[in-house]
Structures are given as structure tokens and as C-alpha cells.
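Each step along the sequence shown adds one to the number in the numbering used here, with nothing skipped, and position 60 is 69. Note that CB positions come from ideal geometry on N, CA and C, so glycine has one too. See structure below.
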Amino acid sequence: MLEMNRLYNMDCMEGMRELPDKFFDLAVVDVPYGIGEDGSKNKERSKLAVAKNYKAFHGNDLQPPECEYFTELMRVSKNQIIWGANHFISRIPVDSHCWIVWDKENGETDFADCELAWTSFHTAVRRFKYRWHGMLQEDMKNKEIRIHPTQKPIALYSWILSKYAKRGDKILDTHAGSASSLIACYRAGLDFIGFEIDTEYYTAANMRLTVEMEQIRINFDELQEEQEEYTQSSIFEGGG
Ligand SMILES: C[S@@+](CC[C@H](N)C(=O)[O-])C[C@H]1O[C@@H](n2cnc3c(N)ncnc32)[C@H](O)[C@@H]1O
């Protein structure tokens, strides 16, 4: 059985096969869209901000997953948020009242202005505005290091979790890429499992996730140590 709060270097179809029905409360997934955006041609696309070229990821973004992937995703999760579904909606033959619009504030480029996610929720369409364009990011003081060609910001996933997940929920990301989604889960105190088939991107993402988890643990341990020191000195000084 797979353990929670881990990123696995495996094909998500194999991973999901090991999991019981409706095991996850929410799946937030960002599958290949089938438009060839694997990262290898990023540099030619923008006049505003020079983008890096990356190693192409598994499958070169040539095909979205087959219908059986979506059937399996819906078997293992109660609710789903599926990025890029406007590119392959015929493979998810279910109407949605609640699409999510991420306005990336791309400026004058031939990249899309927004990305769309299909959701299984019955609430209204919602928009999240967060600049994310090459070196230009919404939060320039706390810039995220980009390790993956189609990396989404942690802030986007944090916003999603604040709106569509609740305390105690288990979250699945079948195509974790840079692990931004898993870092957002960890920060929100939600349990998660992620899959990433590409070994190179898995290694970089797992490092990113581990550093995040260690960092928070170190901060917490330091806080506890400070608290203990303060309590002890208060006792010795007769304070209380
Ligand atoms: C669109 S990217 C995900 C980007 C991610 N949302 C992020 O913020 O970094 C899709 C990822 O899925 C991976 N992938 C493709 N097929 C897969 C499969 N069958 N199982 C697991 N991962 C897969 C690719 O290697 C790629 O890294």
C-alpha cells in the first residue's frame, strides 16, 4: 500500500490501481494537454520576459491521457479539478458548472492569457489572478524557483485548497511535475500523494518537496526549543 505524504516516481495508472475507491477527497491534476508545450520551445514565445528552455517532459505533451485515465481518476477520488480540460473535454464527458480561470497576466505574448480547469463542483465559475510569466511573478519578493517547464505557482494551489478542500481531506496529484501542488498541501496541513513518471523531474521535485518539509520542521523545532528555553529561564528567574 502506498504511504501518504509522498511523491512517487511512477506511472499514475499503476499507482491508482493500488488505491481503493474514493480514497481521495480531491484530485487536483495537470495532465499533458496534447499541445506540444513540453518546455523545449519556451524561448521563442515571448518578447516580454525571456523564458528558460527545459528538458522535454515525459510524452512531450503530444497526447492528453486516454479516457481510461479519467475513469480511474474518478474511481479513486470524490471530487476532481482538471487543468487544461478545454483541450480534451471530449475525454471527460461530464458537464461542469464550476470552471476555474487562472488569469496569468501574461502581457503581449502568444502564450494563452488564462488557463482553465474543469471541476466536479456545483458552485460558480471562479477566477484567480496571479501573474506568472517567465521571470515575472506576482510575488517578486518571494520568487519561486522554476524547475519545470509547465510549473504552476504554489499560490495557485494554495488558493484552490482554501476554496475546494477542508481540514482532514486527502489530496491526489497524478502528474505532479515540480510538486507545487504537494508543497501547497503540506503548507495547508493536508495529506497527499503525488505521482511523476519522469525520473529527472521527479528527482528535482522530490528535492523541492523535501526541502520544504524539512524547512517547516526545522522552523517548528526551533520554535519549540525557543519556547523551552524561555520557559526554563522564566522558572530560574522566578518568573512565570
Ligand atoms: C503539465 S506537467 C505538470 C506540471 C505541474 N502542475 C507543476 O506545477 O509543476 C505534467 C507532468 O506529468 C508527467 N507525466 C506524464 N505522464 C505521466 C504518467 N502517466 N504518470 C505520471 N506522470 C506523468 C510529465 O512528466 C510532466 O512532468
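Checklist entry - Under three-state DSSP, which class holds Glu209? => result helix
Item to check | Buried/exposed call for Gly198, threshold 16 Cβ in 10 Å | outcome: exposed
Checklist entry - In this structure, does DSSP put Arg84 in helix, strand or coil? => result helix
Checklist entry - Hey, how far is the Cα of Glu231 from the Cα of Lys152? => result Between Glu231 and Lys152, the C-alpha separation is close to 25 Å.
Checklist entry - So does Lys152 have its beta carbon nearer than 8 Å to some heavy atom of ligand 1? => result no
Next on the checklist: Classify Leu82: buried if its beta carbon has 16 or more other beta carbons within 10 angstroms, exposed otherwise.
Outcome noted: Around the beta carbon of Leu82, 16 or more other beta carbons sit within 10 angstroms, so the residue counts as buried.
Checklist entry - Quick one, which of Glu235, Asp178, Thr208 and Phe130 has its alpha-carbon nearest Asn14's? => result Asp178
Next on the checklist: What I want to know is whether the C-beta of Glu205 ends up closer than 8 Å to one or more non-hydrogen atoms of ligand 1.
Outcome noted: yes
Checklist entry - From Met19 to Ala164, what distance separates their C-alpha atoms? => result 26 Å
Checklist entry - Once you ignore the five residues that flank Met25 on each side, which residues in its own chain have a CB closer than 6 Å to its CB? => result Glu81 and Val85.
Checklist entry - Comparing the CB of His131 with every heavy atom of ligand 1, is any distance shorter than 8 Å? => result no
Next on the checklist: According to DSSP, simplified to helix, strand and coil, what is Lys172?
Outcome noted: The three-state secondary structure of Lys172, taken from DSSP, is helix.
Item to check | Rounded C-alpha distance that separates Thr240 from Asn215 | outcome: 37 Å
Item to check | DSSP state of Ala58 mapped onto helix, strand, coil | outcome: With a pLDDT of only 49 at Ala58, under the threshold of 50, the placement of this residue in the model should not be trusted; the figure read from the coordinates follows. Three-state DSSP puts Ala58 in coil, outside helix and strand.
Checklist entry - DSSP puts Thr128 in a beta bridge; with which residues? => result Ile90
Item to check | Classification of Leu181 by the beta-carbon crowding that lies within 10 angstroms, buried from 16 upward | outcome: buried
Next on the checklist: Rounding to the nearest angstrom, what Cα-Cα distance links Ser190 and Tyr166 in this structure?
Outcome noted: 5 Å
Checklist entry - What residue does the alpha helix (DSSP H) around Leu191 start on, and which one ends it? => result Boundaries of the alpha helix (DSSP H) harbouring Leu191: Ser189 to Ala197, taken from the DSSP string.
Item to check | Delimiting residues of the alpha helix (DSSP H) encompassing Gly45 | outcome: Gly45 -> no alpha helix (DSSP H), and no H or E assigned at all.
Checklist entry - Once you ignore the five residues that flank His157 on each side, which residues in its own chain have a CB closer than 8 Å to its CB? => result Gly48, Tyr63, Phe66, Gly186, Ser187, Tyr210, Ala213 and Ala214
Next on the checklist: Are there any heavy atoms of ligand 1 lying less than 8 Å away from the beta-carbon of Tyr42, as far as the coordinates show?
Outcome noted: yes
Checklist entry - From this set, Pro74, Leu125 and Asn115, which residue's C-alpha is nearest Met144's C-alpha? => result Asn115
Item to check | Distance between Lys175 and Glu117 (C-alpha atoms, nearest Å) | outcome: 37 Å
Item to check | Endpoints, the alpha helix (DSSP H) within which Arg26 is located | outcome: Cys21 to Arg26
Checklist entry - For Phe201, which three-state DSSP category applies? => result strand
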